[in-house]
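Protein chains in written order, with the working numbering: chain S, 1 to 118; chain D, 1001 to 1110.
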């Protein structure tokens, strides 16, 4: 069974750094793209960026380029989303999702709530 | 590019509703469109992929189409049930590997 299990909720202060994770199981982690999707409170889905764990090729939405870093450690089947200096506006639920070549995302993590507040 | 959806739609049980998704630039036919359903407190799930295909478990009351003349995609749900109430998002991508979700449509089944 394919599963994406994300790390738990985080509460951080503005300016702090953070790295959240998404661990895949039940499939060959190296060979499927993993995307990150943001959902701000009461708002819609926003595509953040994507990584191919096999060679760490990444692509970012222009809106998020330079604001976050996506990485992966294929030895432990885990993808990451990190911030070097959080802002209150980063408060959101972040989902990881596995992508098919056609563009579909049939598998999603449960979401990680990130709260940034002073 | 952007994908524009109506903010909300509503219809009565048993009726048919259509949600539109208009692509701002580039051809809607150039890249597949997906539709995701999100219920409160849950992760999104696919109801339509590759423009018009249904995953197993999604009833045939759900259908997807694209219209090149209006550069838009549509999700149609027939025989509406109260359980269909949710937020629906279209999604597509471009040749630069940039992907976009539509703003989402809140479906209310009155």
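We treat Cβ as the ideally placed atom computed from N, Cα and C, and that holds for glycine.
Integer-rounded CB distance, given that residue j should sit under 8 Å from residue i
i: residue 26 of chain S; j: residue 2 of chain S; result: 4 Å
i: residue 103 of chain S; j: residue 1065 of chain D; result: That belief does not hold up - the Cβ atoms of residue 103 of chain S and residue 1065 of chain D are roughly 16 Å apart, past 8 Å.
i: residue 1074 of chain D; j: residue 1017 of chain D; result: Not really, about 10 Å apart at Cβ, beyond 8 Å.
i: residue 10 of chain S; j: residue 115 of chain S; result: 7 Å
i: residue 20 of chain S; j: residue 34 of chain S; result: About 13 Å; that fails the 8 Å criterion.
i: residue 44 of chain S; j: residue 1104 of chain D; result: 4 Å
i: residue 105 of chain S; j: residue 4 of chain S; result: Not a contact, Cβ separation roughly 10 Å.
Bridge-paired residues (DSSP) for residue i
i: residue 30 of chain S; result: Bridge partners of residue 30 of chain S: none, in fact.
i: residue 1068 of chain D; result: Paired residues: none, contrary to the question.
i: residue 1023 of chain D; result: D/1003
i: residue 24 of chain S; result: S/4
i: residue 49 of chain S; result: S/36, S/60
i: residue 12 of chain S; result: S/116
i: residue 1091 of chain D; result: D/1034, D/1101
i: residue 1028 of chain D; result: Answer by DSSP bridge pairing: none, since residue 1028 of chain D is not bridged.
i: residue 82 of chain S; result: S/19, S/69
i: residue 93 of chain S; result: S/39, S/113
i: residue 98 of chain S; result: S/34, S/107
i: residue 1106 of chain D; result: D/1008, D/1087
i: residue 1017 of chain D; result: D/1077
i: residue 1082 of chain D; result: DSSP output for residue 1082 of chain D lists no bridge partner at all.
i: residue 1048 of chain D; result: D/1035
Spatial neighbours of residue i in its chain, beta-carbon cut-off 7 Å, leaving aside the 5 residues before and after
i: residue 1086 of chain D; result: 1037, 1038, 1039, 1107
i: residue 1026 of chain D; result: 1001, 1094
Length of the line joining the Cα atoms of residue i and residue j
i: residue 1127 of chain D; j: residue 71 of chain S; result: Residue 1127 of chain D cannot be examined here, being either before or after the span of chain D that is shown, 1001 to 1110.
i: residue 1050 of chain D; j: residue 118 of chain S; result: 44 Å
i: residue 1006 of chain D; j: residue 81 of chain S; result: 31 Å
i: residue 1078 of chain D; j: residue 1063 of chain D; result: 9 Å
i: residue 113 of chain S; j: residue 31 of chain S; result: 27 Å
i: residue 77 of chain S; j: residue 1015 of chain D; result: 45 Å
i: residue 36 of chain S; j: residue 94 of chain S; result: 7 Å
i: residue 1059 of chain D; j: residue 53 of chain S; result: 34 Å
i: residue 69 of chain S; j: residue 60 of chain S; result: 9 Å
i: residue 42 of chain S; j: residue 1098 of chain D; result: 24 Å
i: residue 1029 of chain D; j: residue 1052 of chain D; result: 12 Å
i: residue 1023 of chain D; j: residue 55 of chain S; result: 31 Å
i: residue 1055 of chain D; j: residue 97 of chain S; result: 16 Å
i: residue 23 of chain S; j: residue 1084 of chain D; result: 30 Å
i: residue 1057 of chain D; j: residue 58 of chain S; result: 32 Å
i: residue 74 of chain S; j: residue 40 of chain S; result: 29 Å
i: residue 1061 of chain D; j: residue 1076 of chain D; result: 8 Å
i: residue 1096 of chain D; j: residue 1031 of chain D; result: 11 Å
Beta-carbon contacts of residue i that lie in its chain and below 6 Å, excluding the five residues immediately before and after
i: residue 1101 of chain D; result: 1089, 1091
i: residue 1004 of chain D; result: 1022
i: residue 38 of chain S; result: 46, 48, 92, 94
Same chain, Cβ closer than 8 Å to residue i, five either side skipped, listed in chain order
i: residue 1110 of chain D; result: 1010, 1011, 1012, 1013
i: residue 15 of chain S; result: 85, 86
i: residue 1034 of chain D; result: 1046, 1048, 1049, 1050, 1090, 1091, 1092
i: residue 18 of chain S; result: 10, 12, 82, 83, 86, 114
i: residue 8 of chain S; result: 112
i: residue 1008 of chain D; result: 1105, 1106, 1107, 1108
i: residue 1044 of chain D; result: 1036, 1037, 1038, 1089
i: residue 99 of chain S; result: 32, 33, 34, 35, 50, 105
Beta carbon proximity, residue i to chain B, threshold 9 Å
i: residue 54 of chain S; result: Chain labels in this structure do not include chain B; the protein chains are S and D.
Report yes or no: do the region 1066-1078 of chain D and the region 89-99 of chain S share at least 3 C-beta pairs separated by less than 8 Å? Contact fails: fewer than three Cβ-Cβ distances are below 8 Å.
Touching by the beta-carbon criterion (3+ pairs, under 8 Å), the region 57-66 of chain S and the region 74-86 of chain S: Counting C-beta pairs with one atom in each stretch, the region 57-66 of chain S and the region 74-86 of chain S have fewer than three that are closer than 8 Å, which means they do not touch.
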